[in-house]
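Data block below; observations after.
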Amino acid sequence: GIWRGLRESSGTSRAVLACSSSRQVEHSDLIKLYLSSENLVIQCFFLSGVKINENAENTLNLLMSRGVTPSITIKNSTYARVFHFNLSKEREESTWSIEIPRKSITVNEDINPVEEWFVTITLQEGLETYVTEGTLLDLVREPILHWQIGISVHPSTIRKMVKHLLGLKIARNPCANDVAIIGMIIDETVAGYFFGVTYSGFWDNDETLWYDVTNSICILQDDYECQKSMLVDLILTNYHLVVLSTMGLFISSDIRYPNDTLKFERMEFCGYNTDDYYKAKLWYNEICLANQEDFEDDYIAIIFERSRSMSQPTICFYSTPPFSKWESCVPRKRKQRKKYDAHLLAFLIDYEMENAIYLFEKKNNSFAAARKFLNKSPKTALRFPTFFFPSDFHTVIGMAFHPRTHFLYVFGNQIWISYDGANSFEIVGNFFDDVIISSYHSFHSEEIIFVSRTSNLYFSKAGLKFYSKLGQSKLPIFELYYDHVGSEALVSMNETTKDCIDIYSVFDNEAVLKSNEDTELKTVLAPQYLTTSQMIFFAYVPQNASMETRKDQIFYPHHVGRKLQLNSYGNADIKKIMYHEDLVGFPSSAIATLSDPFALVSHLSSPSLLSSITIYDYKDSLFLIALHPEKYKHSSQFKNSDTHKTVVIPGYSSFLILEILNDTSVLALATMPVKVHVGMTFQSKSWFLYHFGTMNDSSMWSITTSSCKHVIIHDDVNTSSNIVKYLDLGSAFKFKIKVLSGVPRKIRVQSTPFLKIFVGHVFLMDVTTSAYWDETDSYVVEMEIVNRYLNKGTTTISFIIWQATADCHTSAIVMTLKSSCSYSKFMRMLPKYKLSSEDWESGQYRDENGFNIIKTLPNNYRPPSEIGKDIPTTNNFYNADPSRPKLRNYHPQSKKTGIYKQCLNKTSREDCNCTTEQKMSQNVAFSDCTEKVVRFPYPVNQYPLFLNIKDEDNLIPMEAPYLVTVSEVNKRTNWQLNQKMTVETAKMREYLEKSISDTVYNPKDLNLSITGSELYHFRVKVIPGVTFCELFTEFQIYVDNAPLPFPGRLLIASIVAVILGGIILAVFMKELFDIQIWLLLKNLVVRKNKVAESSSSFDEED
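First residue of the sequence shown: 1, per the UniProt record's numbering; consecutive thereafter.
Structure, rendered in structure tokens:
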């Protein structure tokens, strides 16, 4: 990994703090870090400071003695964690250090789309705070980085092709914008396709790896066709690389499963040739599918410009991964209507509203339509009425969603924005003959740059209806690119750099010819007071002005948020632009809030101020203002320099002076004709003059960029400005957002809220808001969201400071709510004893009675069955070892059952590759790896089951309505559950058991009793319909020291009973018949002895 320095955010710097994961440090404003399979090791240290006598080591030692160390915050939209550096120095070096285990950041190592993390390093030294932003990229899991996407090419080969370059295309990873692929569009003199791969966002000069992808794309084409082909477009989705060339559309294999060189497959669209592909366009709504939900997917559409004919029934096709089957974008209608003369320009999928959005162009105008998109197919029914754009919106090019928001932009010679999924649109800017051809977005910084055909760059912020002109690119061939942290770059090719890539900032004079669009507004303004702190400025346009001239004499929406400055003194912030059709001479106006009062015209320069005036009606919407100089003020008169000055009368209409008739009469236009009182006289000092005109061909006023006066913050400070929250069925979420304003209270309109709030899918959840000004004079919005409906989906809630300017670091906060199960939500049972990993490793843990509660299972163990203890019939092995014989595998039924899982087709236990977590897991999926279980002495009576749901940082005890079913995975019996059942729960249980075959239990106060022996493996599962999650947990109990199993215990008891019964019977008979049992035994013994003696005498006689 590479850290690129740390910069101070406030205070006076004593030194510059830099950090790296190696000592090769390149100082910059941002940092980039890469996570490998090893632990993350970071050192931070001070570089040379500003002061001459400063010693970096002394500064670090001083801070360490105070206990001051940096901290690093790693976060994304759903995760945040803070790590603190060590207090001791790293060896003898003057550095702070920290080693973060990979498992402390993430436990996953599978190759899959993963959201790149944001990194913040903070060091607090007294009143000074050092802070910087950066990124953390997981190199282990990032799919495209595991591929050789072609044949490796040395930069020297690429360097020879730069002179043949026609264009560039950059495709970035939707989840990790630092990972990008750049494609070269080269002329016919160079055959082939050459792509470069970066994982640092083109930061490093020699980091881009170049590949020749020609063989993969041209494998099915002849050499001549490949020689004449070229790249058209490039898209990197979550799972595939999509290449559009003049030969066709090519889809890569799934990049989640790396296998040597990336392979491509050509999609077949009948009836289209090379020219059609050259003019075709790809449309893709960028979406990050990390933790993909079942209602989320990638959608790509291709639109051809060719007119419809019998051979081409459609010009638009769309598809989803693996992009092998392509359907028509336009649904087929049951009854064919008359031919429609509209041409389809763009097609996008609205993930929130589940709509298909179309952009059409007709001969005289263009329009947008939204159709329902259900089951991955557009329907004929319209979601909203069609929205028609005005006729002056021509040369429409396309549309784009701002990533991770519901803001839809449509661009051409104008830019329009929709907050509600194409139901309605509002204009952002009018560029007249300069046509916008593409847009580039950053979800993190919320920045947008629009590029026109003339290479002009226009800057905007997501959700705001303003723009500013950055200038014109000096680079003949370039592509604009935003990395993950939101740093913009003009990317071009250069023969002199190591990897042939050259990047410039859009604010770099070397690459962009600056221009100030604000100076293009050349007209006279007439101010009119609305309140003491608010004014409206009317822009004057002469009646005989040409259309070309009128273009530079009216206000535009992008002026909102700018500052109107009077050269002498005074300024106001423009808040709103209005247009007037019936107001003669003033087709547009701007409402502004005063920051500093504007300078008045002095009576020294305009002596007429010393006299009273009377207003008279004149012709052609003009009014005559007559001056009444007093006898002793003969110098009071109108002067020629009063032209284009404005007569302002508080409480009445203002008048813009257009013509001086004589010393005492002028003709003027009224800003508010309905407020004119004809014949009314206004005394001296009851009216004033303002000069917002020109002098010596230079304007007396200007429009400049306004400083940011608002800061937006939210209570979930651990995550970024793009927040993702999961709401399960029935869940509620409270959220508070605050806007801090730098506008003085006395000039602020208290009744006007600071925020505009837009909800993407208004029918998905119930949203309740309340807003107020708190004791610190901050605007606070409190919101409660409740998910009451059994509908999965996603919606965004956007909080936009509508008065924000381009200087505001954060102008909007977007919160994404998913009606689904959070990937971090799970169910678990709290065990009676808390065992550490060391306890499990040793296999020893004594309870309060000295009983060891850890049981080590024998290899290839299977628990007993109902047939008998030595006749297991389950398929689950525990502590499996394929090299050893299977335990109790004698009965035919036992031989038929028993299947290895992780140890299948392995020869030894080591080959099973069981991890420590799998060995300690109680999940039946890892039973092969399970070595030890918790055991209890027989019998187990009323063992309490404490079930909880872990959701993020909350631990929620389970109770109704989270009813559960309990089963034994090995189908064992001799166990019973006891519970306390309320009347309501009993009714719910009775209702559910009609549709659920298993017994339903209330998880609260649930107790387990076991009368069998050995291993019991239980699964507890939440019933469907109360949560979107498949919540379940498993636990194991080994019952030891149990009596003999059936039928041994019964046989022993029977034998004992028979023996005891016989003894009792014998005693009874003796007493009943007075039988001398001892005498009988004595006679029997004596008789045997006599027989023995007789036999002996006989032998002697012989």
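Quick reminder that beta carbons are idealized off the backbone N, C-alpha and C, glycines included. Remember, predicted model here, so these are calculated numbers, not experimental data.
Buried or exposed (CB count within 10 angstroms, at least 16 for buried), residue i
i, result
"D138", "buried"
"V674", "exposed"
"D807", "exposed"
"M399", "buried"
"D552", "exposed"
"T776", "exposed"
"T95", "buried"
"Y772", "exposed"
"K895", "exposed"
"I1037", "buried"
"H558", "buried"
One or two residues paired with residue i in a DSSP bridge
i, result
"F586", "None, per the DSSP bridge assignment."
"I72", "F83, I121"
"K563", "D573, T704"
"I813", "F799"
"I303", "K281, C316"
"M399", "V410"
Inter-residue Cα distance where the pair is residue i and residue j
i, j, result
"I52", "L63", "For I52, the predicted model reports a pLDDT of 38, less than 50, meaning its position is unreliable and no value from the coordinates is stated."
"T973", "I854", "23 Å"
"Y199", "L262", "18 Å"
"F389", "E426", "10 Å"
"K32", "I554", "45 Å"
"L348", "F450", "19 Å"
"A626", "S699", "27 Å"
"D774", "C44", "41 Å"
"K987", "V966", "19 Å"
"I302", "Y277", "9 Å"
"G49", "D483", "With a pLDDT of 48 at G49, under the threshold of 50, the modelled position of that residue is not reliable, and no figure is offered here."
"N273", "S152", "31 Å"
"M310", "L234", "The predicted model places M310 with a pLDDT of 40, which falls under 50 and marks its position as unreliable, so this point remains unresolved."
"G585", "I703", "21 Å"
"Y211", "I219", "16 Å"
"V25", "L145", "Confidence at V25 is low in this model, with a pLDDT of 41, below 50, so its placement is unreliable and no value can be given for it."
"T497", "T214", "24 Å"
"F763", "S71", "42 Å"
"E931", "V107", "22 Å"
"A280", "C19", "47 Å"
"G570", "K469", "25 Å"
"V506", "V396", "25 Å"
"residue 1103", "N876", "The chain is shown only over 1 to 1102; residue 1103 falls outside these bounds and no answer can be derived."
Expected contact under 8 Å - CB spacing of residue i and residue j to nearest Å
i, j, result
"M535", "L583", "Contact flag wrong, Cβ pair sits at about 17 Å."
"E959", "K1004", "4 Å"
"R888", "D870", "5 Å"
"A539", "S589", "7 Å"
"S612", "F682", "6 Å"
"T671", "I660", "Incorrect: roughly 19 Å between the Cβ atoms, too far for contact."
"D298", "T320", "6 Å"
"Y556", "G429", "7 Å"
"C912", "K919", "Not really, about 10 Å apart at Cβ, beyond 8 Å."
Between the segment 595-604 and the segment 686-704, can you find at least three pairs of beta-carbon atoms closer than 8 Å?
Yes, the segment 686-704 is in contact with the segment 595-604.
Is the segment 518-537 in contact with the segment 653-666, if contact means three or more CB pairs nearer than 8 Å?
Judged by Cβ distances under 8 Å, the segment 518-537 makes contact with the segment 653-666, as three or more pairs qualify.
When the Cβ atoms of the segment 265-272 are set against those of the segment 341-356, are three or more pairs found closer than 8 Å?
Proximity of the segment 265-272 to the segment 341-356 falls short of the contact definition, fewer than three beta-carbon pairs being nearer than 8 Å.
Check whether the segment 702-714 and the segment 793-813 are in contact - that is, three or more C-beta pairs closer than 8 Å.
The segment 702-714, when compared against the segment 793-813, does touch it at the 8 Å Cβ threshold.
Taking contact to mean at least 3 C-beta pairs separated by less than 8 Å, is the segment 1030-1037 in contact with the segment 986-999?
Short answer: they don't touch.
Kindly confirm or deny that the segment 789-799 and the segment 757-767 touch, where touching means at least three C-beta pairs closer than 8 Å.
The way I'd put it, the segment 789-799 does touch the segment 757-767; three or more beta-carbon pairs between them come closer than 8 Å.
Assess contact between the segment 831-841 and the segment 726-738, defined as three or more Cβ pairs (one per stretch) separated by less than 8 Å. Is contact present?
Segment contact: the segment 831-841 against the segment 726-738, fewer than three CB-CB distances shorter than 8 Å; contact not assigned.
Pairs of beta-carbons, one from the segment 126-136 and one from the segment 225-244, closer than 8 Å: are there three or more?
In short, these stretches do not touch, since the Cβ pair count stays below three.
Quick check: the segment 171-181 against the segment 113-132, are there 3 or more CB pairs under 8 Å?
At 8 Å Cβ cutoff, the stretches touch.
The segment 855-868 / the segment 1000-1019 touching (three or more Cβ pairs under 8 Å)
The segment 855-868, when compared against the segment 1000-1019, does touch it at the 8 Å Cβ threshold.
Can at least three beta-carbon pairs, one atom from the segment 811-825 and one from the segment 475-490, be found at a separation below 8 Å?
Between the segment 811-825 and the segment 475-490 there are fewer than three C-beta pairs closer than 8 Å, too few to call the two in contact.
Should the segment 458-465 be called in touch with the segment 432-450, which here means at least 3 C-beta pairs below 8 Å?
With a cut-off of 8 Å, the segment 432-450 and the segment 458-465 count as touching, because enough Cβ pairs lie within range.
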